[in-house]
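Residue numbers (my numbering): 378 to 786.
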């Protein structure tokens, strides 16, 4: 039986373990903390619980229940007969062995997948020890709603917390070094979303650099300036694996420069998304087993669960211009959609970028209710090289928000 060792049981690690086990591999999964990683325990799932909570008090009460239920579910799945879960920190002693925190060691006589995730990236400020400063984990640990909240960084984490705590009643200020929020989004969509949050009372200070935390008037300061690959403390320097502060270097099969050692998810920093980690893991296992797949890692949808949502897949108008790629833009507005009007959710817009000659879809960027669901449909179409003409012939249910897509054609 083929064997596999996986270090880290976040979305990439545990999903990969289940995928490999289902294909007959004997998997040793090593996790030093809770299964589910950042996403389940202090990231995606908790913040979505906060997004849908009616109040701060409800969020604080319900969040641990949601986490525990999902964590228990993952642990149950990992009782698979082909999976051995080891609760320990693992560190390479060389490319052929691992030392565990209980003093034991593990010989590496099979492929290894590193799935150690990422951690908060802090700005090098002189007063970084300010007691008001927290990261996203700290925000989710608050038991009292801050009257004044300052968020440093207008990326995904910053924008989600800005939206959430504004709705809960905090006075929210966001400080961003760049000229616009959410650089992964089409700038037109990002600007509209920012303006939407401004109307709700969020204050934005764009093109502003933070020099000192002492200048900030707030009860709580959230550092939301991104995340960095978690590479330190695992003995990578003893393996010959190529890596830097930007992550572990891998090829398209997620293999490092050392044969048999792979890295998936945030630790390789290719695409810092939970679902990217999952599918990179599948690609790595498929490569190990000699299975050819059709996974399109170049088509990676993403979403920001602000109020309203924003989501994207593929190229933005900005990227098309930057890369001198010919394109057409097709737009559609929520205010012309019957379901959006019935939902009282008419604020929103969809942009579709299309290659003029072939009609291939280059990208889709949306803000508005259920933006993630609309982008998911486009992602599927892009994976199958669907053209604009073919999309025009696809029936969409009436009345649904999906007609925002069909109406932009």
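A virtual CB, placed ideally from N, CA and C, is assigned to each residue, including glycine.
Assuming residue 679 is part of the beta strand (DSSP E), what are its boundary residues? Looking at the DSSP string, the run of the beta strand (DSSP E) that includes residue 679 is 679-681.
Limits of the unbroken beta strand (DSSP E) element including residue 582: Following the DSSP letters along the chain, one finds residue 582 inside the beta strand (DSSP E) bounded by residues 580-582.
Relative to the C-alpha of residue 610, which residue among 495, 718, 630, 418 is closest? Ranking the options by Cα distance to residue 610, first place goes to 495.
query: Thinking C-beta only, is residue 584 closer than 9 Å to residue 556?
result: It is a contact, given that the beta carbons lie within the stated cut-off.
* Buried or exposed: residue 512, going by 16 or more other Cβ atoms within 10 Å of its Cβ? -> With 16 or more other Cβ atoms within 10 Å, it is buried.
Out of 468, 509, 443, state which residue places its alpha-carbon closest to the alpha-carbon of residue 597.
Nearest option by C-alpha distance: 509.
Under the assumption that residue 402 contacts residue 459 (Cβ atoms under 8 Å), give the Cβ distance between them as a whole number of angstroms.
Going by Cβ atoms, the distance from residue 402 to residue 459 rounds to 7 Å, so yes, they are a contact pair.
* Asked: Rounded to a whole number of angstroms, what is the C-alpha to C-alpha distance between residue 591 and residue 501?
  -> Using only the alpha carbons, I get a separation of about 14 Å.
Exercise for the section: Could you tell me which residues DSSP pairs with residue 469 in its beta bridges? Expected result: According to DSSP, residue 469 bridges with 475.
Less than 9 Å between the C-beta atoms of residue 704 and residue 694, yes or no? Less than 9 Å separates the beta-carbon of residue 704 from that of residue 694.
Distance, residue 397 Cα to residue 418 Cα = Going from the Cα of residue 418 to the Cα of residue 397 covers about 23 Å.
>> Let me make sure I understand the geometry here. Which of 759, 484, 679 has the alpha-carbon closest to that of residue 532?
In response: With respect to the C-alpha of residue 532, the residue from 759, 484, 679 having the closest C-alpha is 679.
- For the candidate residues 389, 412, 593, 381, whose alpha-carbon lies nearest to that of residue 400? Proximity to residue 400 across 389, 412, 593, 381 peaks at 381, based on C-alpha coordinates.
ask   = Between residue 662 and residue 676, is the Cβ-Cβ spacing less than 9 Å?
value = Inclusion of residue 662 and residue 676 in the CB contact set at 9 Å is not warranted, their separation being larger than that value.
Item to check | Nearest neighbour of residue 428, chosen from 534, 564, 700 [CA to CA] | outcome: Residue 534 is the option with its Cα nearest to residue 428.
#### Entry: Continuous beta strand (DSSP E) stretch holding residue 403: start and end
Judged by DSSP secondary structure, residue 403 falls within the beta strand (DSSP E) whose first and last residues are 403-408.
(request) Under 8 Å by Cβ, that's how I've got residue 781 and residue 727 pegged, so tell me the actual separation to the nearest angstrom. (result) In this structure residue 781 touches residue 727 by the C-beta definition: roughly 5 Å separates them, less than 8 Å.
Starting from residue 550, trace the beta strand (DSSP E) both ways and give me its first and last residue.
Start and end: 548-552.
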